[in-house]
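> Dumping the structure here so I can ask a few things about it.
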Amino acid sequence: MRNLTIIAGILLAVPVICFGGIYLMTEANLRDVKRGPAFDHPIPTDEVSIEHGRHIARTRGCFGCHGQQLEGKDFDEQWDWPERAVAPNLAAYARDHDTATIEAAIRQGIGASGKALVSMPSYNFTRLTDEDTAALIAFLKSAPVVEKKLPKPKLGWPVRWTFVTGEETHMVQWVAAVPPLRVNADAEPQRAHGEYLAMTMCNECHGLDVRGFSMWKPPLPDLAMVGSISRDDFETLIKTGVGVGGRELGLMGLVAPDRFPELTDDEVAALYAYLSSLADEAPAENVFWRPAQ
Ligand code: HEC
Ligand code: HEC
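The opening residue of the sequence shown carries number 2 in the working numbering; numbering runs sequentially from there.
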């Protein structure tokens with residue numbers, strides 16, 4: 002009888018120790034991050050800057066993921082990773098947190114809890130200038146709060162395990178991998194502007210350097226392909242999500258009409274100039290978002 006109790010005790014203890022260990026190791030991994038210097042750029046209060054901040058939020062997809070009224074969104078039905086992703090109510094968040102905390106979430110991939118984020122694509126926003134970040138925060142702080150009940154997010158056990166093995170990378174690691182901007186703005190202002198836009202709008206999906214992304218199925222195209230389509234076809238494609246010759250697209254067909262219809266002529270021209278110039282350069286090989294074949 003006593004032996005049976007001991008065996009039962011061991012059988013029960015093993016999973017508790019395993020899951021407890023996985024839990025602690027994931028938490029340690031996500032907490033092993035450090036915020037950079039606190040963002041202390043002044044937050045503007047004038048209408049022009051706030052409207053510019055709204056344009057940044059619209060063209061960077063904040064509305065698509067955090068709700069059209071920034072009320073927050075449960076991704077349970079759309080994504081099966083990392084079990085249950087929940088984008089918080091951004092207007093409420095911006096009221097409740099200081100500027101440095103908001104900036105750390107947007108550009109550094111570190112949440113208010115001090116842990117690395119996992120689903121929020123901060124790598125797409127890390128190259129935003131201080132001015133644009135300040136305008137974005139000004140807009141978020143000015144947005145009316147629309148209440149919505151949201152469930153608690155969940156990090157599933159299989160996903161925790163991939164963080165423990167190092168197979169999965171958290172947002173601070175993604176942010177660190179984003180290549181620097183390279184085009185000299187004094188010598189080539191339009192191409193530099195285009196690079197800035199591409200590296201804060203398109204690299205969420207087209208690879209951290211916009212030269213293709215093979216971690217998702219199917220892989221996403223290298224945006225150097227823009228050089229093979231006309232300026233008009235490019236504009237139609239990014240503003241409507243309809244491909245060249247009326248071809249129906251998938252995710253791009255959903256994202257483009259939500260984010261890009263309000264791009265200005267200058268922004269479209271800058272994007273076109275930069276992306277079509279990439280055809281002359283070989284993309285970097287063996288980067289983690291595009292491993293060597
Ligand atoms: C692809 C969807 C997606 C996009 C685009 C997106 N977010 Fe998020 N965001 C999320 C999710 C999901 C979370 C919840 C945290 C997590 O799972 O990483 C989040 C969390 C946040 C947080 C809170 C972080 C914390 O826990 O303290 C802030 C602030 C935030 N996002 C701001 C923004 C802003 C500003 C934009 C636009 C520039 C934006 N997000 C675009 C999905 C997104
Ligand atoms: C949220 C993800 C996402 C973002 C952000 C995104 N794209 Fe795409 N894009 C896709 C996907 C996925 C495809 C492949 C076709 C499809 O499935 O829709 C694609 C395809 C394309 C294509 C090829 C279309 C064709 O005819 O095959 C071009 C060009 C393109 N995107 C340009 C851009 C530009 C420029 C930006 C930034 C301004 C951008 N995309 C931002 C997801 C995205």
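Note that the Cβ used here is the ideal one computed from N, Cα and C, for glycine as well.
Ligand 2 and V256: does any heavy atom of the ligand fall closer than 8 Å to the residue's C-beta?
Yes, since a heavy atom of ligand 2 falls inside the 8 Å radius drawn around the Cβ of V256.
> Distance check for D77 and V243, CA to CA, integer angstroms please.
Going by the C-alpha atoms only, they are around 28 Å apart.
> Span of the alpha helix (DSSP H) holding N30?
Where N30 is concerned, the enclosing alpha helix (DSSP H) stretches over R3 to R32.
> Alpha carbon to alpha carbon, how far is P38 from R128? Give it in angstroms, no decimals.
Roughly 16 Å separates the two Cα atoms.
> Check whether the Cβ atoms of C203 and L252 lie closer than 9 Å to each other.
No. Outside cutoff.
> Under three-state DSSP, which class holds L118?
It is coil, neither helix nor strand.
> What residue does the alpha helix (DSSP H) around V165 start on, and which one ends it?
Element bounds for V165: W158 to T166.
> Please determine, among W82, N90 and C66, the residue with the shortest C-alpha to C-alpha distance to E72.
The shortest C-alpha separation from E72 is found at N90.
> Could you check whether W175 and P122 sit closer than 9 Å to each other, using their CB atoms as the reference points?
Cβ distance < 9 Å, so P122 and W175 count as in contact.
> To the nearest angstrom, how far is it from the Cα of R32 to the Cα of G167?
Distance between the alpha carbons of R32 and G167 is about 14 Å.
> Could you pull the DSSP bridge partners for E249 from this structure?
DSSP, once it has assigned bridges, lists V243 as partnering E249.
> Examine the Cβ distances between the segment 44 to 58 and the segment 175 to 186 and report whether three or more of them are shorter than 8 Å.
Segments in contact, no.
> Say the cut is 8 Å; is the CB of P43 nearer than that to a heavy atom of ligand 2?
Because no heavy atom of ligand 2 lies under 8 Å away, the Cβ of P43 does not count as near it: no.
> Could you say if the segment 144 to 163 and the segment 102 to 112 meet the contact criterion of at least three C-beta pairs nearer than 8 Å?
No: fewer than three Cβ pairs fall under 8 Å.
> State the Cα-Cα distance for the pair R260 and C66, rounded to the nearest angstrom.
C-alpha separation (whole angstroms): 11 Å.
> Would you kindly work out how many angstroms separate the C-alpha atoms of K116 and V34, rounded to a whole number?
About 7 Å.
> Quick check: what's the CA-CA separation for Y24 versus T237?
Those two C-alpha atoms are separated by around 47 Å.
> I'd like the list of long-range same chain contacts for A29, defined as Cβ closer than 6 Å, with 5 residues on each side in sequence excluded.
Answer for A29: no residue qualifies.
> If you reduce the DSSP assignment to three classes, tell me which class D267 lands in.
Reduced to three states, the DSSP call for D267 is helix.
> What are the start and end residues of the alpha helix (DSSP H) that includes S143?
Where S143 is concerned, the enclosing alpha helix (DSSP H) stretches over D131 to S143.
> If you drop the 5 nearest sequence neighbours on each side, which residues of the same chain put their C-beta closer than 6 Å to that of V269?
Cβ neighbours of V269 beyond the five flanking positions: E236.
> By the DSSP assignment, the alpha helix (DSSP H) with Y94 in it spans what residues?
Unbroken alpha helix (DSSP H) run through Y94: L91 to D97.
> Alpha carbon to alpha carbon, how far is F289 from T134? Give it in angstroms, no decimals.
So the alpha carbons of these two residues sit roughly 27 Å apart.
> Report the rounded CA-to-CA distance for T100 versus R108, giving the unit in angstroms.
Rounded to whole angstroms, T100 to R108 spans 12 Å at the Cα level.
> Out of curiosity, what's the CA-to-CA distance linking F126 and G246?
When rounded, the distance between both Cα atoms is 32 Å.
> Are the segment 227 to 234 and the segment 268 to 282 touching, with three or more C-beta to C-beta distances below 8 Å?
The segment 227 to 234 vs the segment 268 to 282: in contact.
> Let's test the definition: count the other Cβ atoms within 10 Å of the Cβ of T6 and tell me whether it reaches 16, buried, or not, exposed.
By the 10 Å Cβ count, T6 comes out exposed.
> Is H98 near ligand 2, in the sense that its beta carbon is under 8 Å from a heavy atom of that ligand?
Incorrect: H98 has no Cβ contact closer than 8 Å to ligand 2.
> What residue does the alpha helix (DSSP H) around W175 start on, and which one ends it?
M172 to A178 is the extent of the alpha helix (DSSP H) around W175.
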